[in-house]
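Below is one structure, written out as structure tokens; the observations come after it.
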Amino acid sequence: MDGVRSLIGFIADNTSGILERTIEHATIVLGVMLVATVFSVVLGIAVQNRGLAKQVSLGTAGVLLTIPSLALFAIFIPLVGIGNRPAQIALFLYAILPILRNTVAGLDAVDPAIVEAAQGMGMGQFQQLVRVRIPLAWPVIIAGVRVSTQLITGVAAIAVLVGGGGLGAYIQRGLTSLGNPFSIERVWTGTLFIILLALVLDAVLGAIGRRTTSPGIR
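Everything in the sequence shown is counted per my numbering, starting at 455 for the first residue and increasing by one.
Right, dumping it as structure tokens:
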């Protein structure tokens, strides 16, 4: 109980700093996810009907996800320097696979008969894509976006190790000062607020998914 009271006291005494770091963390995540979502959905649409291109794209995105996070962050320092930029590039690469895979899976799952019916109504390829295929695949696509967001929110804590910002600063400072006052509280503060941010972002994306999904396919 003393530990819990100490943590609550630390959070209460550092509310403004925690809020600032949380906003910074959320800004990094949302910026990366916006770019990654557009890129991955467009790529998924482009390769969905091309067997070899689809396999290469998914395979490459899968390989990127296996690279140790700190190593991937550090790779881009010689190219773009320290700060948020190398972290954002690395996070973008990590975010691709779940969205790309779900985009391809969602489009593959669309009933060909529905597409043929749309074609019979005089819709061109672009109209079929925008008015039929993407809306039907959207629940699967948004699920991929939610998975990527959860992943990126956690991994973004490492951004501090390459000069970036976010809630990882509390974890780093706590770990490097173990044994000193409030070191454990710092680690727990960073961890808890990363979890809370991930839950909030997932809830927001879930609400967006429900509002943007046609009632007939919910």
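We put the CB at the ideal spot given by N, CA and C, even for glycine.
Practice task
Could you round the C-beta distance between LEU518 and ILE550 to whole angstroms and report it? I think they count as a contact, below 8 Å.
Solution key: Position 64 of the sequence shown holds residue 518. Position 96 of the sequence shown holds residue 550. Their Cβ separation, rounded to whole angstroms, is 7 Å, which keeps LEU518 and ILE550 in contact under 8 Å.
Handout entry: Start and end residues, alpha helix (DSSP H) containing ARG504
Key = Here residue 504 corresponds to residue number 50 of the sequence shown, with the count starting at 1. It is not in any alpha helix (DSSP H) - ARG504 carries neither H nor E in the DSSP assignment.
Practice task
Classify ASN503 as buried or exposed, calling it buried when 16 or more other Cβ atoms lie within 10 Å of its own Cβ.
Solution key: Within the sequence shown, numbered from 1, the residue matching residue 503 stands at position 49. The residue in question, ASN503, is exposed, as its Cβ has fewer than 16 Cβ neighbours within 10 Å.
Practice task
Would you kindly report the start and end of the unbroken alpha helix (DSSP H) that includes ALA528?
Solution key: By one-based count along the sequence shown, residue 528 stands at place 74. 523–529 is the span of the alpha helix (DSSP H), which, as asked, contains ALA528.
Practice task
Quick one: give me the first and last residue of the alpha helix (DSSP H) that LEU659 is part of.
Solution key: Within the sequence shown, the letter at position 205 stands for residue 659. Taken as a continuous stretch (DSSP letters only), the alpha helix (DSSP H) holding LEU659 covers 637–666.
Problem - Where the alpha helix (DSSP H) containing ASN538 begins and where it ends - result: For the purposes of this step, residue 538 is identified with residue 84 of the sequence shown, where counting begins at 1. In the DSSP annotation of this structure, the continuous segment of the alpha helix (DSSP H) that includes ASN538 starts and ends at 538–562.
Practice task
Determine the direct distance from the alpha carbon of LYS508 to that of ILE462, and round the result to whole angstroms.
Solution key: Taking the first residue of the sequence shown as 1, we reach residue 462 at position 8. Taking the first residue of the sequence shown as 1, we reach residue 508 at position 54. Approximately 49 Å between the Cα atoms of the pair.
Exercise for the section: Specify whether the segment 644–651 and the segment 601–614 touch according to this definition: at least 3 beta carbon pairs, one from each stretch, less than 8 Å apart. Expected result: yes
Handout entry: Given THR667 as reference, the closest of ARG587, ARG459, LEU545, TRP642 once Cα atoms are compared
Key = As a first step, residue 667 is located in the sequence shown; it is residue number 213 there, counting from the start. The residue with the shortest Cα to Cα distance from THR667 is ARG587.
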